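Reviewing the structure listed below.
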Amino acid sequence: MIRRSTPRTRTTTAAGVLATASALLAVGLAGQTATAAPGATAARPDPGALSAELSPAQRAGLLRAAEADTAATARDLGLGGKEELKVRDIVKNADGTVHTRYERTYAGLPVIGGDLVVEESPEGEVREVTRATPAKLSLPSTEAPEKHRPKTAGADGGTAPRKIVWAADGTPVLAWERVVDGVQKDGTPSELHIVTDARTGEKLAEYQGVHTGTGESMYSGRIPLTTGSADGRYTLQDGERGGHLTYDLAGKTTGTGSLFTDDDDLWGDGSPYDSQTAAVDAHHGAAQTWDYYKQVHGRDGVRGDGTAPYSRVHYGVNYVNAFWSDDCFCMTYGDGAGDTRPLTSLDVAAHEMTHGLTSHSAGLLYRGESGGLNEATSDIFAAAVEFRAKNPQDPGDYLLGEKVDIFGDGSPLRHMDRPSKDGRSRDYWSPSLADEDVHFSSGVANHFFYLLSEGSGAKTINGVAYDSPTYDGKPVTGVGIEAAERIWFKALTEKMTSTTDYADARAATLSAAADLFGAGSEQYEAVAHAWGAVNVGPRPGAADGGTAQGVAFESTEALAIPDPGTVESAITVDRKGSATAVTQVGVDITHSFRGDLRVELVAPDGTVFRLKNSSLSDSGKNLRRTYEVDAAGKTAEGVWTLRVTDAHKSDSGTLNGWKLVF
410 MIRRSTPRTR
420 TTTAAGVLAT
430 ASALLAVGLA
440 GQTATAAPGA
450 TAARPDPGAL
460 SAELSPAQRA
470 GLLRAAEADT
480 AATARDLGLG
490 GKEELKVRDI
500 VKNADGTVHT
510 RYERTYAGLP
520 VIGGDLVVEE
530 SPEGEVREVT
540 RATPAKLSLP
550 STEAPEKHRP
560 KTAGADGGTA
570 PRKIVWAADG
580 TPVLAWERVV
590 DGVQKDGTPS
600 ELHIVTDART
610 GEKLAEYQGV
620 HTGTGESMYS
630 GRIPLTTGSA
640 DGRYTLQDGE
650 RGGHLTYDLA
660 GKTTGTGSLF
670 TDDDDLWGDG
680 SPYDSQTAAV
690 DAHHGAAQTW
700 DYYKQVHGRD
710 GVRGDGTAPY
720 SRVHYGVNYV
730 NAFWSDDCFC
740 MTYGDGAGDT
750 RPLTSLDVAA
760 HEMTHGLTSH
770 SAGLLYRGES
780 GGLNEATSDI
790 FAAAVEFRAK
800 NPQDPGDYLL
810 GEKVDIFGDG
820 SPLRHMDRPS
830 KDGRSRDYWS
840 PSLADEDVHF
850 SSGVANHFFY
860 LLSEGSGAKT
870 INGVAYDSPT
880 YDGKPVTGVG
890 IEAAERIWFK
900 ALTEKMTSTT
910 DYADARAATL
920 SAAADLFGAG
930 SEQYEAVAHA
940 WGAVNVGPRP
950 GAADGGTAQG
960 VAFESTEALA
970 IPDPGTVESA
980 ITVDRKGSAT
990 AVTQVGVDIT
1000 HSFRGDLRVE
1010 LVAPDGTVFR
1020 LKNSSLSDSG
1030 KNLRRTYEVD
1040 AAGKTAEGVW
1050 TLRVTDAHKS
1060 DSGTLNGWKL
1070 VF
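In this note's numbering, the protein residues as written are 410 to 1071.
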């Protein structure tokens, strides 16, 4: 139960729809650390901010307790009488902080884009509420005209329509959702979700539910396998990792397939002509990914409940893809062109299994920018798993699918250091990014993660040459993949929602870095630099200690903020000439409820630039952010003032300092 009676929430923008499955490719396409970047330090994250490793029983107990309090939580959040919460996931940090993720219903109807995350302190006090949509859920009626009800299942194999509340694009709308089954152009099964306005019949959204996404292995050499036994034979069943099973579809495209069995527990011969070889790689990939999430992040399976998904290999004929499906809670792999290049390499297996993690945590909706972040998350942890495995036959890299050779010319499917090398992916954010296929809009987050891990410029890691550019041409210094992977995991599982876009992802990763390493730490600054380098938000300053524009002035005087009241801090600028069109204002404030704060910059001539309004919906702690103002034409020389006003009583704070960058 949330003890604070007045709900104050941080919100994110809506951007898409939840996918039931995800695959490696866009439809139509026929130890745990990398080498640390120069200057990177091996700073350890705050142990208290890391996820606590919960047994299935402990996690189930937390879920039951949260579920029992959903009615009280809904009241404390100020939800309407027709709204109910359902617990979807829960993450507990080592220091006792709890993050509970909820789905919502309205008058008994599921709300798509209505999810939210509540963060509570170890004492049970709410710290922050992150909502997928800021819109209030209110409909004049849940009755829908029969004339606009979609046809029920028919020859197209579709499901009967279900009535929902569509909130993923902002304003809640009463809608119908139906799923049409079929086959996509490349042979991937199709679950086409169609959402229509229940009152007008207008199409609101359309999205694909299934997305194109001791053994001798083909890609990892001779590897140990955990197997089981039944009826006197060995089976590909991993009892040490949630009971993971590997099945043989034998060219079929439906059903579970047959569980792989063997007489002597020696599996495959390393060639695609032995049907067990692909199974060895898939079984190994699932085990490595399970171990990575459990040993690095304390998560017991992608669902967190100690239960493993299963794997299916030899899907279809000449099927050049792999995919994850929520419907079966499984990974499925084709055998590639000519049925000789199965898509079961370690990074592909980790990519697909990670879609299961995303589905059961942030639930990033599979279209627009949130869909790109969903795909990028799978690429990011595919790299992290591969680096951690330290297999000399398949050393860690920032490439995806380099072993399976989809294109037949030895080139990988994706390049994280410069995503545009594939001819389609985007290196940098732009307003048109939301219109891109999610496999290509993912490039921006992939590029961010590479820069955060390794930095910009030319370098060679594990024998692979990289040369990563930046949007502004200025350098980035990486902090190593260990720090980067922890920041992304914490942001994904505790701070992102189904509608998180790139701006929200920047805020989520900065918050995660502050929790793990401290605001103002090298890792925190590197996150801001890496996002700025892919055109998501401003740079705090150049990686060499200078500034993005070149001239900085700073006050480090700590001043108490009256409660309520106003405090002012002055910086005297001795720079001749005019201020710039992009003048940066870096603010560092410790505060128990930042929604109380109004922040303004006052130029020497008295011009006031409003940086932040007070808002009761902003329930987070502290304010550490760089703002941009257009101060072109203003004289730089003189006294600039930061004015901070606490507009409401009972929450206190301190202005720790601020920076002005021209």
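Using N, Cα and C, we set each Cβ at its ideal position, and we do this for glycine too.
Quantities reported herein were computed from a predicted structural model and do not represent experimental measurements.
*Residue environment, K899, which counts as buried when at least 16 other CB atoms sit within 10 Å*: Counted from its first residue, the sequence shown places residue 899 at position 490. Label assigned to K899: buried.
*Going by CA-CA distance only, name the one from Y1036, Y628 and A928 that's closest to G995.*
Walking along the sequence shown from the start, residue 995 turns up at place 586. Checked all of Y1036, Y628 and A928; the closest Cα to G995 is Y1036.
*Start and end of the beta strand (DSSP E) containing H693?*
Working through the sequence shown from its first residue, we reach residue 693 at position 284. No beta strand (DSSP E) contains H693, which is instead part of the alpha helix (DSSP H) from S684 to H706.
*What's the call for R481, buried or exposed, on a 16-neighbour Cβ count within 10 Å?*
One-based indexing of the sequence shown puts residue 481 at position 72. Before going further, note that residue 481 is Ala rather than Arg in the sequence given. Exposed, by the Cβ-count rule.
*Any contact of the region 736-750 with the region 781-792, i.e. 3+ C-beta pairs under 8 Å?*
no
_Close Cβ partners of T580 (< 7 Å) along its chain, the five nearest in sequence each way excluded_ = In the sequence shown, the residue the question calls residue 580 occupies position 171. Same-chain partners within the cutoff: A544.
*If we call anything under 8 Å between Cβ atoms a contact, is G677 one with S626?*
One-based indexing of the sequence shown puts residue 677 at position 268. One-based indexing of the sequence shown puts residue 626 at position 217. In contact: G677 and S626 (Cβ atoms closer than 8 Å).
*State the start and end residues of the unbroken beta strand (DSSP E) segment that holds G1047.*
As a working mapping, residue 1047 is identified with position 638 in the sequence shown. Counting along the chain, the beta strand (DSSP E) containing G1047 begins and ends at G1047 to D1055.
*Where do the ends of the beta strand (DSSP E) carrying A584 lie?*
Residue 584 sits at position 175 when you count from the first residue of the sequence shown. Note, A584: beta strand (DSSP E), V582 to V592.
*From K703, R721 and S930, pick the residue whose C-alpha is nearest to that of E713; which is it?*
What you label residue 713 is simply residue 304 of the sequence shown in a count that begins at 1. Reading off the sequence, residue 713 comes out as Gly, not Glu. Comparing Cα-Cα distances from G713 to each of K703, R721 and S930, the minimum goes to K703.
_In whole angstroms, give me the CA-to-CA distance for Y724 and G624._
Position 315 of the sequence shown, counted from the start, is the residue given in the question as residue 724. Position 215 of the sequence shown, counted from the start, is the residue given in the question as residue 624. Y724 and G624: Cα-Cα distance of roughly 21 Å.
*May I ask which residues mark the beginning and end of the alpha helix (DSSP H) holding M762?*
Numbered from 1 along the sequence shown, position 353 holds the residue referred to as residue 762. It spans L755 to S768 - the alpha helix (DSSP H) in which M762 sits, taken as one unbroken run.
*Could you name the residues of the same chain whose beta carbon sits closer than 7 Å to that of G1099, not counting the 5 residues immediately before and after it, in chain order?*
An answer regarding residue 1099 cannot be provided, because it is not within the stretch 410 to 1071 covered by the chain.
*Kindly give me the distance between the Cβ atoms of D818 and S829, rounded to whole angstroms, as I take these residues to be in contact under 8 Å.*
Counting from 1 along the sequence shown, the entry for residue 818 is found at position 409. Counting from 1 along the sequence shown, the entry for residue 829 is found at position 420. D818 to S829, Cβ: 17 Å. No contact.
*With distances taken from CA atoms, which of I521, E529 and R587 is nearest T542?*
Position 133 of the sequence shown, counting from 1, holds the residue named residue 542. Among I521, E529 and R587, the Cα nearest to that of T542 belongs to I521.
_Validate contact between the region 733-740 and the region 490-507 using beta carbons, cut 8 Å, 3 pairs_ = no
*In angstroms, rounded to a whole number, what distance separates the CA positions of H764 and T786?*
Start at 1 with the first residue of the sequence shown, and residue 764 comes out as number 355. Start at 1 with the first residue of the sequence shown, and residue 786 comes out as number 377. So the two alpha carbons sit approximately 8 Å from each other.
_Does the contact criterion of 3 or more C-beta pairs under 8 Å hold for the region 682-700 versus the region 646-660?_
yes
*Who are the Cβ neighbours of A503 in its own chain at under 6 Å, not counting the five residues just before and after it?*
As a position in the sequence shown, residue 503 is number 94, starting the count at 1. So the qualifying residues of the chain are P456, G457, L459 and A461.
*Drop a sphere of 10 angstroms on the beta-carbon of P840, count the other beta-carbons inside from all chains shown, and report buried for 16 or more, exposed for fewer.*
On the sequence shown, residue 840 is found 431 positions in, with the first residue counted as 1. Burial call: exposed.
*Go through its chain and collect everything with a Cβ distance to H769's Cβ below 8 Å, but skip five positions before and after it.*
Translated into positions along the sequence shown, residue 769 becomes position 360. So the list reads R497, D498, V711, R712 and G713, once near-sequence residues are dropped.
*Please determine, among E552, S629, R513 and G505, the residue with the shortest C-alpha to C-alpha distance to E534.*
Working through the sequence shown from its first residue, we reach residue 534 at position 125. It is G505 whose Cα lies nearest to the Cα of E534.
*List the endpoints of the continuous alpha helix (DSSP H) containing D876.*
Taking the sequence shown and counting its residues from 1, the one referred to as residue 876 is at position 467. It is not in any alpha helix (DSSP H) - D876 instead sits in the beta strand (DSSP E) that spans V873 to S877.
*Leaving out five residues before and five after R1052 in sequence, what residues of the same chain have Cβ atoms less than 7 Å from its Cβ?*
As a first step, residue 1052 is located in the sequence shown; it is residue number 643 there, counting from the start. Counting only Cβ-Cβ distances below 7 Å, and skipping sequence neighbours, we find T975, E977, E1009 and V1011.
*May I have the straight-line CA-CA distance separating G517 from P549, to the nearest angstrom?*
For the purposes of this step, residue 517 is taken as the residue at position 108 of the sequence shown. For the purposes of this step, residue 549 is taken as the residue at position 140 of the sequence shown. Approximately 15 Å, taken between the alpha carbons.
*Which of the three DSSP states, helix, strand or coil, is assigned to Q646?*
Locating residue 646 in the sequence shown gives position 237, counting from the first residue. Q646 falls in the strand class under three-state DSSP.
*In the DSSP assignment, what residue or residues form a beta bridge with F962?*
What you label residue 962 is simply residue 553 of the sequence shown in a count that begins at 1. In DSSP, F962 forms a bridge with L1069.
*Roughly how many angstroms separate the alpha carbons of P681 and L755, rounded to a whole number?*
Start at 1 with the first residue of the sequence shown, and residue 681 comes out as number 272. Start at 1 with the first residue of the sequence shown, and residue 755 comes out as number 346. If I take the Cα positions, the gap works out to 16 Å.
*asked:* In the DSSP output, which residue or residues are listed as bridge partners for G1062?
replied: On the sequence shown, residue 1062 is found 653 positions in, with the first residue counted as 1. Looking at the DSSP assignment, G1062 forms a beta bridge with I970 and H1000.
*How would you call P570, buried or exposed, if buried means at least 16 neighbouring beta carbons within 10 angstroms?*
The residue given as residue 570 occupies position 161 in the sequence shown. Buried, because 16 or more other Cβ atoms sit within 10 Å of the Cβ of P570.
*Which residue or residues does DSSP assign as beta-bridge partners of W676?*
Counted from its first residue, the sequence shown places residue 676 at position 267. In the DSSP output, where bridge partners are listed per residue, W676 has G624.
*Counting only runs that start and end within the region 870-935, where is the alpha helix (DSSP H) found for 4 or more residues in a row?*
890-899 and 911-926
*Between V436 and R721, what straight-line distance do the alpha-carbon atoms span, to the nearest angstrom?*
Within the sequence shown, numbered from 1, the residue matching residue 436 stands at position 27. Within the sequence shown, numbered from 1, the residue matching residue 721 stands at position 312. Any answer about V436 is weak, because its pLDDT of 47 lies below 50 and its placement is not dependable; what the coordinates show is given next. Distance between the alpha carbons of V436 and R721 is about 20 Å.
*How many Å lie between S862 and S638 at the Cα?*
For the purposes of this step, residue 862 is identified with residue 453 of the sequence shown, where counting begins at 1. For the purposes of this step, residue 638 is identified with residue 229 of the sequence shown, where counting begins at 1. Each residue's Cα considered, the two are about 42 Å apart.
*Residues bridged to Y719 by DSSP?*
Here residue 719 refers to the residue found at position 310 of the sequence shown. Note: Y719 sits in a beta bridge opposite C739.
_Extent of the continuous beta strand (DSSP E) to which I603 belongs_ = Here the question's residue 603 lines up with position 194 in the sequence shown. I603 -> beta strand (DSSP E) spans P598 to D606.
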